[in-house]
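Residue numbers for the sequence shown follow our numbering, so the first one is 4 and each next one is one higher.
These notes concern the structure reproduced below.
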Amino acid sequence: MSGSLAQAYVRQAKADFICYKLLKAGGQPASQWLHFLQMTLEKTGKAYLAAYGSDLEHLRRSHLAFGRFIRLLPRNRAIRKERKISPRQLKYHIDRILPLADKVERLAPALSEGPNAEYPWKNPAGQLMTPCIYDFRDILADLESVRGRNLLKIVERAILSITDLGEGRPSPVRAAYL
4 MSGSLAQAYV RQAKADFICY KLLKAGGQPA SQWLHFLQMT LEKTGKAYLA AYGSDLEHLR
64 RSHLAFGRFI RLLPRNRAIR KERKISPRQL KYHIDRILPL ADKVERLAPA LSEGPNAEYP
124 WKNPAGQLMT PCIYDFRDIL ADLESVRGRN LLKIVERAIL SITDLGEGRP SPVRAAYL
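Right, dumping it as structure tokens:
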């Protein structure tokens, strides 16, 4: 089963999201499930960008796709109409979760010389840090907040909306999170 580029990305995002949930529920180190959450965000964003015309080579060059995707939501009339929300209100909600989305996206080692979810790094004092024993406290606290729950709602609904549509473009209405 091949399908479109958007479908390929969303299939992988869905598999990554399932792994995120299983690892988190199973008490695994935060680095393990944060790695899968980072990959879920990246591939979900890329699925939507692919559905709207980005090509594979362009998408492969960046890990920061999810932030670009959710920044586009306030422009979408269908989402605003369904949620009975103004562009300004929707932008306010998006702006509140963007810092957390950015923190999670930047867990990709290619984007961070510091804490990341995959590989050891040196802290500013020169000590070697290992992801599986690092506490990631700033991200974990945010993920447990309303902001974190809203971020996860966006991800889950975005994955479901594009998965349910078959070959067509994803419905931005079904990707709404508020």
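From the three backbone atoms N, C-alpha and C, an ideal C-beta is built for every residue, glycine too.
These numbers come from a predicted model, not from an experiment.
Check: Check whether L67 and I82 have beta carbons under 8 Å apart; Outcome: no
Check: Euclidean distance between Cα positions of D98 and S89; Outcome: 14 Å
Check: Residues bridged to W124 (per DSSP); Outcome: M132
Check: Nearest-angstrom Cβ-Cβ length linking Q41 and V107, presumed shorter than 8 Å; Outcome: 5 Å
Check: Backbone secondary structure at I97 - three-state DSSP; Outcome: helix
Check: Other residues of its chain near I162: CB distance less than 7 Å, five sequence neighbours each side excluded; Outcome: V13, A16, K17, F20, T47
Check: Counted within 10 angstroms of its Cβ, other Cβ atoms place R80 as buried (16 or more) or exposed; Outcome: exposed
Check: Anticipated Cβ contact below 8 Å, A111 with N119, distance rounded; Outcome: 7 Å
Check: Local conformation of R78 per DSSP, three classes; Outcome: helix
Check: Local conformation of D58 per DSSP, three classes; Outcome: coil
Check: Burial state of A54, where buried means 16 or more other Cβ atoms lie within 10 Å; Outcome: buried
Check: Which of helix, strand or coil DSSP assigns to E153; Outcome: It should be pointed out that residue 153 corresponds to Asn in this sequence rather than to Glu. DSSP places N153 in helix when its eight states are reduced to three.
Check: C-beta contact flag for Y137 and S57 at 8 Å; Outcome: no
Check: Simplified DSSP assignment, three categories, for A50; Outcome: helix
Check: Beta-carbon gap between L37 and K49 smaller than 8 Å; Outcome: no
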